[in-house]
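Only one structure is covered here, and it is reproduced in the block below.
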Amino acid sequence: MKYLLLVTGDERSWAEAGPEERKAVYEQWGAFTTMLEERGANRGGQELAHSSTATTIRKEGDKVLVTDGPYAETVEQISGYVLVEARDVDEAVELALALPSDGVEIHPVVAQEVRP
Numbered sequence: 001m002k003y004l005l006l007v008t009g010d011e012r013s014w015a016e017a018g019p020e021e022r023k024a025v026y027e028q029w030g031a032f033t034t035m036l037e038e039r040g041a042n043r044g045g046q047e048l049a050h051s052s053t054a055t056t057i058r059k060e061g062d063k064v065l066v067t068d069g070p071y072a073e074t075v076e077q078i079s080g081y082v083l084v085e086a087r088d089v090d091e092a093v094e095l096a097l098a099l100p101s102d103g104v105e106i107h108p109v110v111a112q113e114v115r116p
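Each residue of the sequence shown is one higher than the one before, counting from 1 in the UniProt record's numbering.
Pasting the structure below:
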């Protein structure tokens, strides 16, 4: 089963991080990715640009509102995602705990049925 790991964090701390701190984090991400690949669990993922670059669309009946910025104004924003293959949610949690991130939200991916 596939699970989407939404990586969350405080963008201010990343913006304030120096080159050495960023390098260390990217090395931790490299080790995490290697671990996923060795387990056959890696299905992709990416770092996301700063939430200020997001565009949000809200539909209210026939009315469409397009705004700059994230859906919610919070300190923690989604900073990336990882798609993993896991037996069950317990294994997905195990993988998520290895993430070099303070926060992660785990979502099961709904299996697509082949329809005629």
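Don't be surprised by glycine CBs; every beta carbon is placed ideally from N, CA and C. Computed from a predicted structure; not experimentally measured.
1. Suppose the cutoff is 8 Å on Cβ atoms and the five residues either side in sequence are ignored; what does the same chain contact list for V104 look like?
2. From K23 to K59, what distance separates their C-alpha atoms?
3. Give me the residue from H107, V89, D90 and L83 with the minimum Cα distance to F32.
4. Nearest-angstrom Cα distance between G45 and R39?
5. Please classify L65 as buried or exposed, where buried requires at least 16 neighbouring CB atoms within 10 angstroms.
6. At the level of alpha carbons, what is the spacing between D88 and I78?
7. Confirm, please, whether the CB-CB distance from Q28 to P108 is below 8 Å.
The structure says:
1. L5, L6, V7, T8 and A96
2. 40 Å
3. With distances taken between Cα atoms, F32 lies closest to L83.
4. 16 Å
5. exposed
6. 23 Å
7. no
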